[in-house]
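A.B. asks: Residue numbering for the sequence shown is 578 to 1048, as defined by this note's numbering.
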Amino acid sequence: MISKIKVLRELLDNKKVSILELTQEYIEKAKATQKKTNAFTYIAEHEALEAAASADTQEASSPLHGLPYSLKDIISTKGIPTTASSKMLEGYVPTFDATVAERLKASGAILIGKNNCDEFAMGGSNENSAYGVVKNPHNTSKVPGGSSGGSAAAVADGASVFSIGTDTGGSIRQPAAFCGVVGTKVTYGLVPRHGVMAMASSFDTVGPITSSVYDSAVVLDHIAGQSSHDMTSIKGPLGSYVDAIGKSVDGMTIGVPKEYLELLDESMKTTIMSSLDLLKAKGATIKVVSLPQTKHALSTYYILVPAEASSNMSRYDGLRYGPTVTEPKNLEELYLANRTNGLGDEVKRRILLGSFVLSHGYYDAYYLQAQKVRTLIIQDFANAFKDVDVIAGPVTPSVAFDIGGKKDPMDLYKEDVFTIPASCAGIPGMSIPVSSKGGLPIGLQLLAPQQGEGRLFTVASMLEELIGFSL
Ligand code: GLN
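(1) Which word fits residue 808, buried or exposed, when buried means at least 16 other C-beta atoms lie within 10 angstroms of its C-beta?
(2) Just to confirm, are residue 732 and residue 758 a CB contact at a threshold of 8 Å?
(3) What alpha helix (DSSP H) runs, 4 residues minimum, are completely inside the stretch 831-892?
(4) Terminal residues of the continuous beta strand (DSSP E) containing residue 745?
(5) Give me, in chain order, the residues of the same chain whose beta-carbon lies closer than 6 Å to that of residue 934; leave out the 5 immediate sequence neighbours on both sides.
(6) Just the Cα atoms here: how many angstroms apart are residue 690 and residue 967?
(7) Got a sec: does ligand 1 put a non-hydrogen atom nearer than 7 Å to the Cβ of residue 698?
(8) So is the beta-carbon of residue 993 under 7 Å away from any non-hydrogen atom of ligand 3?
(9) Mind checking residue 1004: buried by the 16 CB within 10 Å criterion, or exposed?
(10) Apply the 10 Å Cβ neighbour rule to residue 826 and answer buried if 16 or more other Cβ atoms are within range, or exposed otherwise.
(11) Would DSSP call residue 716 helix, strand or coil?
(12) Helix, strand or coil: how does DSSP classify residue 691 here?
(13) State the start and end residues of the unbroken alpha helix (DSSP H) segment that holds residue 986.
(14) Which residues mark the beginning and the end of the beta strand (DSSP E) in which residue 579 is found?
(15) Would you check if the stretch 794-812 and the stretch 758-772 touch, i.e. whether three or more CB-CB distances between them fall below 8 Å?
(16) For residue 781, which of 796, 763, 941 and 894 has the nearest alpha-carbon?
(17) Here's the rule I'm using: 16 or more other beta-carbon atoms within 10 Å means buried, otherwise exposed. How should residue 621 be labelled?
(18) Buried or exposed for residue 1022, please, with buried defined as at least 16 other CB atoms from any protein chain shown within 10 angstroms of its CB.
(19) Between which two residues does the alpha helix (DSSP H) holding residue 1033 run?
(20) For the stretch 752-813, list the beta strand (DSSP E) runs that are entirely contained and at least 3 residues long, ordered along the chain.
(21) Going straight from the alpha carbon of residue 702 to that of residue 980, what length do you get?
(22) Could you pull the start and end residues of the alpha helix (DSSP H) that residue 726 belongs to?
(23) Looking at residue 744 and ligand 1, is the gap between the Cβ and the nearest heavy atom below 7 Å?
(24) Return the CA-CA distance between residue 871 and residue 672, expressed in angstroms with no decimal places.
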């Protein structure tokens, strides 16, 4: 796909358009997208126009200077409402910027709004938002995926040059696949989580959703790297991810997990394999690998993530954030009233699940066991990466499904079967659009060892060029 950053950079640098004009145009697009898809929880019109006017008076010091972007609404923004798409945080205006927001502000990019998502990032369809369902811009009767569904919908609909999402178990890759855009889930720790509302702290990652692979690399260059505010953050690369783009794949070995293929229907399998054939023609070797723990990854994730989430959610007691709904007789009544009123069904379900697996008598049987299986999943990938440089496979079992089509939470959890293993292992992954079915995009997933983002950019940019995807 064409790089929006390159195109707009040229227009701005050649003074064909001012940052203020560009921002005005994007605000109008965001309003139109909002009517169609409900991708925003807040359009920061006033704030963006002010920032744009000021950016017009400054020298462009970065490729992102003056480019309109948005943030998933679980990323804290100073002076701009941040709701996590929850009633619990209605009216909450952070007093500080998340590290990612701070870094993007420093790059001169213009924040035009906050993107709708599943409440506290718990979900995979964007149906769990207190601010309404987000619709897929390619077909508004379909989900955009989730939890970063608003981010993917906004980028796919051209309302945002890029958006920053979070991926705990697939929440960047899956909506990117459903909306036909590029989603990069980074190595755990590569992008600081400071100021990003925690879902499951040992899984959460922050990363870009863009309309091209090049744009993803540029944005990642600006947000990656250690911060003293996040003790789990890592140094990141010395160079630029952009340098990995356009390199040859000749001599690379690409693994395809046999367990993933076994779970796919014929048409999805054909789509994935024919995309990889294109890389073969460029000198890559395709090799079937095995990730034997794939069958245990879902249950492992859905024990560990609710366990961590139940602990993280305990801070939302109605005292520190959000509206207090009652004149309570005692503390217990206050918690009960506020949490009953403030949190949606899926969040409550995960708090219950998490509290259960951590409780006395069940801890050893569920939580501890799942931690051990997580180690086996990590070993699965370590073994596979002894033989291959990159692993390729599907992002989702099918294209975007109908809004309201999956009523049973288990059916939604099962959708995450291909994204969750990498999340358990903390490795990077990327979703790029390679084909479509019935007007809906299909994504291909690439995985690399920890800090192997460069390899993802190399392979993804080659595929992007060879396929020339458009809808
Ligand atoms: N769909 C997954 C879940 O519901 C992923 C969520 C995420 O990555 N934030 O847990």
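Cβ atoms here follow ideal geometry from the backbone N, Cα and C, with glycine treated the same way.
C.D. replies: Reading it off the structure:
(1) exposed
(2) yes
(3) 835-839, 843-857 and 871-889
(4) First-last for residue 745: undefined, no H or E at that position.
(5) 880, 884, 943 and 944
(6) 35 Å
(7) yes
(8) Ligands present in the displayed structure are limited to ligand 1, and ligand 3 is not among them.
(9) buried
(10) buried
(11) strand
(12) strand
(13) 986-991
(14) Element bounds for residue 579: n/a, residue is neither H nor E.
(15) yes
(16) 763
(17) buried
(18) buried
(19) 1030-1044
(20) 759-762 and 782-787
(21) 8 Å
(22) 726-733
(23) yes
(24) 42 Å
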